[in-house]
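Scroll down for the structure; my scribbles are underneath it.
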Amino acid sequence: KNQVEQSPQSLIILEGKNCTLQCNYTVSPFSNLRWYKQDTGRGPVSLTIMTFSENTKSNGRYTATLDADTKQSSLHITASQLSDSASYICVVVRADSWGKFQFGAGTQVVVTP
Amino acid sequence: DGGITQSPKYLFRKEGQNVTLSCEQNLNHDAMYWYRQDPGQGLRLIYYSQIVNDFQKGDIAEGYSVSREKKESFPLTVTSAQKNPTAFYLCASNRRDGNQPQHFGDGTRLSIL
Chain A
10 KNQVEQSPQS LIILEGKNCT LQCNYTVSPF SNLRWYKQDT GRGPVSLTIM
60 TFSENTKSNG RYTATLDADT KQSSLHITAS QLSDSASYIC VVVRADSWGK
110 FQFGAGTQVV VTP
Chain B
37 DGGITQSPKY LFRKEGQNVT LSCEQNLNHD AMYWYRQDPG QGLRLIYYSQ
87 IVNDFQKGDI AEGYSVSREK KESFPLTVTS AQKNPTAFYL CASNRRDGNQ
137 PQHFGDGTRL SIL
């Protein structure tokens, strides 16, 4: 069973609207949680990194939240643009296993005009 | 501009053939990684290297081999022993200190002829 579960699997939103993606994890012990954006046919690009003590972090129109107690994170996209169409990947890093990142399967976001 | 270069972009393998995927970085990162990405799944770790002349197996190393003779280069060989090589292969690197983001190349798509 994957230790990082993302939902929804895919979603379609109208340009200008907001949306929220979810990430639940069971990885332990926890070091940090990352969100990446992956355009089709490209490599992922880092959006945010949050450690245990951080519960929110922003990068432009992207805002990530973390609840380490419930092991949940969300990524909120504000005022979506066509260029936001991509897969968004949640990654959790273990504190006791260097170099091994646990990747979620991603949420595919399509922004329509 | 600093970054990671993967080549070729597309690669076709014949039955019984070994093929090598190139990964070069000019970010002066110590750590480098190879991942495999299949539709609907999270990235899976094939091999990683923390330092020159040293590398470790990831979760799905069977049928693959790597070398790390230079800091900037981490080539991946897909051998004939890998029976299901069709996938999108991603190379990544990062600094070893602290919670540093991984930087990814733009991938190589490998298909069987």
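Sequence lines, in order, name chains A and B.
Be aware that the first sequence starts at 10, since it is given in the numbering used here, and climbs by one per residue.
Be aware that the second sequence starts at 37, since it is given in the numbering used here, and climbs by one per residue.
Idealized CB from N, CA, C, for every residue including glycine.
What you are looking at is a predicted structure, and each value in this text was computed from that prediction instead of being measured.
- Please classify B:Leu-81: is it buried, with 16 or more other beta-carbons within 10 angstroms of its beta-carbon, or exposed? buried
Inset, instruction - Could you confirm whether any beta carbon from chain A is found closer than 9 Å to the beta carbon of B:Ala-128? - result: yes
**Message:** Let's see if you can read the secondary structure: which residues bound the beta strand (DSSP E) around B:His-65?
**Reply:** Neither: B:His-65 is in no beta strand (DSSP E) and is coded neither H nor E.
Q.
Can you confirm whether A:Phe-39, when its beta carbon is compared against all beta carbons of chain B, has any partner nearer than 9 Å?
A. no
Do you know offhand how far A:Gly-115's Cα is from A:Thr-87's?
19 Å
Roughly how many angstroms lie between the CA atoms of B:Glu-105 and B:Val-88, to the nearest whole one? 6 Å
request  = Let me know if A:Arg-43 comes out buried or exposed under the rule of 16 or more other beta-carbons within 10 Å of its beta-carbon.
outcome  = buried
Under 8 Å by Cβ, that's how I've got B:Cys-59 and B:Gln-77 pegged, so tell me the actual separation to the nearest angstrom. The Cβ separation is near 21 Å, so there is no contact.
Open item on the list: Taking the beta carbon of A:Gln-18 as the centre, do at least 16 other beta carbons fall within 10 Å, making it buried, or is it exposed?
Closed with: exposed
With a Cβ-Cβ cutoff of 9 Å, do B:Leu-57 and B:Thr-144 count as a contact? yes
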